[in-house]
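Chemist: Pasting a structure here, questions to come.
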Amino acid sequence: MQKFRKNTVTIIFLLIVMLGITGCWNRRELDTLAFVSGLGIDKAREPGKLQLTAQIIKPGEIKAPEAGGGGMGGSKPYWNISQIGNTVFSTVRAMTLKSNRKLFFPHNEVIIFSQDIAREGVRKYIDFLIRDPEFRRLAWIVVAKDKASEVLETKTELAKLPARNIAELIKARSATSEVSAVNMQEFLTRLMSKTTAPIASLIEVSAKEKTAQLTGTAVFKDDKLVGFLNKTETRGLLWVINEIKSGIITVSCPDGKGKASLEIIQASSKIKPEIKDNDIHITVEVKAEGHLGSQMCLEDLTQIPAWNSLEKRQSEAIRSEVLAALKKARQLNADIFGFGEAVHKKYSRLWKDIEDQWDEFFPNIEVTVKVESKLRRSGLTVKPPRPE
Amino acid sequence: MIILLIAAFIGIALFEAPGLVQRKYWRELTAFLLFLVAAFILALLQVLGVKIPNPVKGIEVLVKYFLSLMS
Amino acid sequence: MLEKGKISSSQLTFLIAGFTLGSSLILSPGLVAGHDAWLAVLAGLGSSLLIAFIYTTLAVKFPGKTLVQINDIIFGPYLGKLITIGYLWYFFHLASLVLRNFSDFFVGLIYPETPIIVFLIFITLTCASAVRNGIEVIARTSIILLFVTACATFLTTVLLVKDMEFTNLLPVLDLPLKQFIKASYAATTFPFGETVVFLMVIAFLENTKQAKPSVTLGLILAGILLVVASVRNISVLGVTEPIHTYDSYQAVRLINIGEILTRLEIIVVGNFLAMGFLKISVLYYGTVLGTAQLLNLRSYLPLVLPIGILMVILSILQFESTIENIHFAFDIYPYYVIPFQFGIPLFSLIVAVVRGLPKKAKEGSK
């Protein structure tokens, strides 16, 4: 009897637990969710309001990659839904008035701010994007030169979704290292730093083809967009913050009759601050290695003197890129390199006096750029293809 | 909700009490019933939405009082 | 004897380590110290080793006696009972606090639409089943659970190496000394000092003499894991760390190895689940066993479920919001525990030494 009672209780208990731990208080089935792949934030025409554009994946359209490519017949594999509202959260929720499925953000890959909204400051929009558990910190932050919603409407050839396309463009940046790639976590880190200026990728929509193109870096001061770096300046920045993966440096041949392209294969850098007699001095040390990738002159570049001269030109090119970035940063008075943090880490005592006046210090800091670059290999050939 | 609550408590009583009675653990049975009734009353009050005084608030007041004595 | 089980010294080590990791794997200790939190954890570990020495000395002086019985011997039947009631309240309250943190975490991050009561009840039921099975079973599960947790902590750390920026740890000790001491003290009281509940458990150690090394080793083990987690979180999150409710969770969310090894935060949730279970079970066990001893019962089993229900009720009742919870944890809790973690144990030890108690007690009982 005792045993029977115990068993009954155990079985009832197990049944309750089994029902309970399936985790289904309620459920969100796949076919009730609208997967968002990109989010654009624009300024609405009404003052003080924002316009949100979410790119929703249409699962039915995207799963049929039959020969002939995407554009043929059928409708677009995505749906851009726009809504005007006061806050990001309320606007996101208001979108469910237009979409029969609830927007689902964990697969969001890019967050695009339009230029005008970025100029007014992005912190107020970022708050929701880091507070809500649905958003991931690995989404890329992008500033659109014009409207964010346009970027999400661009034509794509190989990718099916404009948002996906942008994410892939950003990932492919390492081939040139001429545009910056900043995800939400990195952006947030810079935003929360007292001195370091946030940066983001800059994207433009070409007028004719309506395709998206990365064109450099957007620079923020505090949370407000203040200017842009072009591709050269961007690479200068990336040299300093150790983000260079690869890229092509073009220099003129030592004989001056044509150009040679050098491929970067490895790079690293260090920022070394020093305070002497109340002057802040920063030394940026860049080390780079490259290949000779192509030459358009007839000279035999693999002779030692020419090779050394080429190495020197490579160093000089890198230096000039860094200096270009530095000049722009000084103009904007935005510490995109993190010099302030470097000083803070080394001189934590003195830092308390510097901290509040960093804006006055930064444009006048003496910066020495030291570049040490090597050319390692010359590819399949050692000489240009010409008759001896 | 209240029915569920009552059912749960009866379930617990049925689960524990017979064994205690069988072994003549009267002292244990009394303690068990006392705690169970206390738990039931508090749970019932909570389900009914009656505000029960929060002991943690009391602790807060006490700690703050001692801290003010210290400083 | 209410508890027939016996635990080995290695089981005690793992149980202490698991208990100490408990909720602190998610609610990182020493946060007030900013990017020096890991140092605060180390300092907290150091001072807690001293405190644990008091606990273990007491336990060794009175082999086979739980805190309830020790209190009776040292302070006499009336004052002793009063102190015991205070301790039972503390264990009970701490269990319901951990239960609440635990459920808040699940509701806040993973199951936003599930009412919190569902978690409270199911976690309590699971722990109740563990407590009913006795300390031996809890101690055995701790070995497996701690092993998994340690592996997971190291795994997530390794996977985050490429996102780590060790310069985030610089400059070392970049804060006023007072603030650092405050952070270290907070880390001592949570989680290390909470091991005072083991005065209810050490009594069942097979060989009481091994209590000191096992407890010390357990605390150090937990301390190492906490420092690893702390260094990981700070070096990954940098300046953004202090704004997060659950920094370990956020750090692990950032794992992205070739877009294949990603979205691994569930590992942290699993760890938390395992360690939280251990912590609640030990506290729950301490409360139930202590109450049974206080009331002179022959079995603690009938008290398990009623006390569990009371625990659930207190969990709901004590805070209206997580904000109140954070306020309590930072501003009240470190002072609230002074008598339980330091005052009474130290006083007990002094009284015991002055009155030469353990020997007399032994002779008296023989």
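Protein chains in written order, with the numbering used here: chain A, 2 to 389; chain B, 460 to 530; chain C, 150 to 515. C-beta: ideal position from N, C-alpha, C; glycine also.
Per DSSP, what kind of secondary structure is F106 of chain A in: helix, strand or coil?
Modeler: Residue state, collapsed to three classes: coil.
Chemist: What is the rounded straight-line gap between the Cα of I167 of chain A and the Cα of V111 of chain A?
Modeler: One C-alpha to the other measures close to 8 Å.
Chemist: Of all the beta strand (DSSP E) runs that stay within the bounds of the region 94 to 155 of chain A, which reach a length of 3 or more residues?
Modeler: Entirely contained in the region 94 to 155 of chain A, the beta strand (DSSP E) runs reaching 3 residues are, in chain order, 103 to 105, 111 to 115 and 141 to 145.
Chemist: For chain A, find out if any of its Cβ atoms is closer than 8 Å to the Cβ of R447 of chain C; answer yes or no.
Modeler: R447 of chain C does not count as touching chain A.
Chemist: What in chain A is Cβ-close to T316 of chain C, meaning under 7 Å?
Modeler: Here the neighbours are K346.
Chemist: Output yes or no for whether 8 Å exceeds the beta carbon distance between F129 of chain A and V183 of chain A.
Modeler: Not closer than 8 Å, so no.
Chemist: Against chain C, does S253 of chain A count as a neighbour if the rule is that its beta carbon must be under 8 Å from one of theirs?
Modeler: Judged by the 8 Å Cβ criterion, S253 of chain A is not in contact with chain C.
Chemist: Does the Cβ of S359 of chain A have 16 or more other Cβ atoms within 10 Å, making it buried, or fewer, making it exposed?
Modeler: Looking at the sequence shown, residue 359 of chain A is not Ser but Trp. Buried.
Chemist: Suppose the cutoff is 8 Å on Cβ atoms and the five residues either side in sequence are ignored; what does the same chain contact list for K384 of chain A look like?
Modeler: Within the same chain, K384 of chain A has close Cβ partners D301 and T303.
Chemist: Along the chain, where does the beta strand (DSSP E) that runs through T440 of chain C open and close?
Modeler: Careful: T440 of chain C lies outside any beta strand (DSSP E), inside the alpha helix (DSSP H) at E414 to L443.
Chemist: Who are the near neighbours of S253 of chain A in its chain, counting only those whose CB is closer than 6 Å to its CB and skipping five residues on each side?
Modeler: Excluding sequence neighbours, S253 of chain A sits near K260.
Chemist: Specify the secondary structure class of H393 of chain C as computed by DSSP and reduced to three states.
Modeler: Coil, per DSSP.
Chemist: Going by C-alpha distance, which of C:Y449, C:L454 and C:T440 is nearest K230 of chain C?
Modeler: For K230 of chain C, the nearest C-alpha among the options comes from C:T440.
Chemist: Helix, strand or coil for F339 of chain C per DSSP?
Modeler: F339 of chain C: coil per DSSP, three-state reduction.
Chemist: Residues of chain B with a CB under 7 Å from the CB of V18 of chain A: which are they?
Modeler: Chain B residues near V18 of chain A: none, gap ~14 Å exceeds 7 Å.
Chemist: Assuming V323 of chain A and V287 of chain A form a contact by the criterion Cβ under 8 Å, report the distance between their Cβ atoms to the nearest whole angstrom.
Modeler: 7 Å between Cβ atoms; contact.
Chemist: Do A186 of chain C and I383 of chain C have their beta-carbon atoms positioned less than 8 Å apart in this structure?
Modeler: Their beta carbons are under 8 Å apart, which means I383 of chain C touches A186 of chain C by this criterion.
Chemist: Opposite Y79 of chain A in the DSSP bridges: which residues?
Modeler: Bridge partners of Y79 of chain A: A:I58.
Chemist: According to DSSP, G372 of chain A sits in a beta bridge with which residue or residues?
Modeler: Correcting the residue identity first, residue 372 of chain A is Val in this sequence and not Gly. V372 of chain A is bridged to A:V287.
Chemist: So, at 8 Å on beta carbons, what are the nonlocal neighbours of A325 of chain A in its own chain, with the 5 sequence-adjacent residues on each side left out?
Modeler: T233, E234 and G237.
Chemist: Considering just the uninterrupted stretch of the beta strand (DSSP E) at V252 of chain A, what are its terminal residues?
Modeler: Residues G248 to S253.
Chemist: Considering only the alpha carbon of each residue, which of C:L422, C:L348, C:L274 and C:V364 lies closest to L174 of chain C?
Modeler: Answer by Cα proximity: C:L422.
Chemist: Who are W85 of chain A's beta bridge partners in DSSP?
Modeler: A small fix is needed here, since residue 85 of chain A is Ile in this sequence, not Trp. Bridge partners of I85 of chain A: A:Q52.
Chemist: Can you check which of these residues, A:K277, A:K371, A:T218 and A:K375, is closest to K329 of chain A by C-alpha distance?
Modeler: Among A:K277, A:K371, A:T218 and A:K375, the Cα nearest to that of K329 of chain A belongs to A:T218.
Chemist: Across which residues does DSSP place D280 of chain A in a beta bridge pair?
Modeler: Its beta-bridge partners are A:K277.
Chemist: What does the Cβ neighbour count give for K258 of chain A, buried or exposed, with the cut at 16 atoms within 10 Å?
Modeler: It counts as exposed.
Chemist: Rounded to the nearest angstrom, what separates V370 of chain A and V388 of chain C at their Cα positions?
Modeler: Going from the Cα of V370 of chain A to the Cα of V388 of chain C covers about 27 Å.
Chemist: Any idea if T382 of chain A is buried or exposed, counting beta-carbon neighbours within 10 angstroms, 16 or more meaning buried?
Modeler: It is exposed - the Cβ of T382 of chain A has fewer than 16 other Cβ atoms within 10 Å.
Chemist: Who are the neighbours of A466 of chain B on chain C, taking C-beta pairs under 8 Å?
Modeler: The contacting residues do not exist; A466 of chain B stays about 14 Å from chain C at best.
Chemist: Does DSSP put G378 of chain A in a helix, a strand or coil?
Modeler: First, the amino acid is wrong: residue 378 of chain A is Arg here, not Gly. If DSSP states are grouped into helix, strand and coil, R378 of chain A belongs with the strands.
Chemist: Taking Cβ-Cβ distances shorter than 7 Å, what residues in chain A pair up with V388 of chain C?
Modeler: By Cβ distance, chain A contributes T190, M193 and S194.
Chemist: Helix, strand or coil for N393 of chain A? Go by DSSP, reduced to three states.
Modeler: Because chain A spans 2 through 389 in this model, residue 393 of chain A falls outside it and cannot be assessed.
Chemist: What are the residues in the region 466 to 487 of chain B lying within 9 Å of chain A by C-beta distance?
Modeler: From the region 466 to 487 of chain B, only G470, L473, F474, P477, G478 and Q481 have a Cβ closer than 9 Å to chain A.
Chemist: In the DSSP assignment, what residue or residues form a beta bridge with I204 of chain A?
Modeler: Answer is A:A145 and A:L215.
Chemist: Specify the secondary structure class of L20 of chain A as computed by DSSP and reduced to three states.
Modeler: Three-state DSSP puts L20 of chain A in a helix.
Chemist: Are any of the Cβ atoms in chain C nearer than 8 Å to that of R137 of chain A?
Modeler: With 8 Å as the cut-off, R137 of chain A counts as an interface residue toward chain C.
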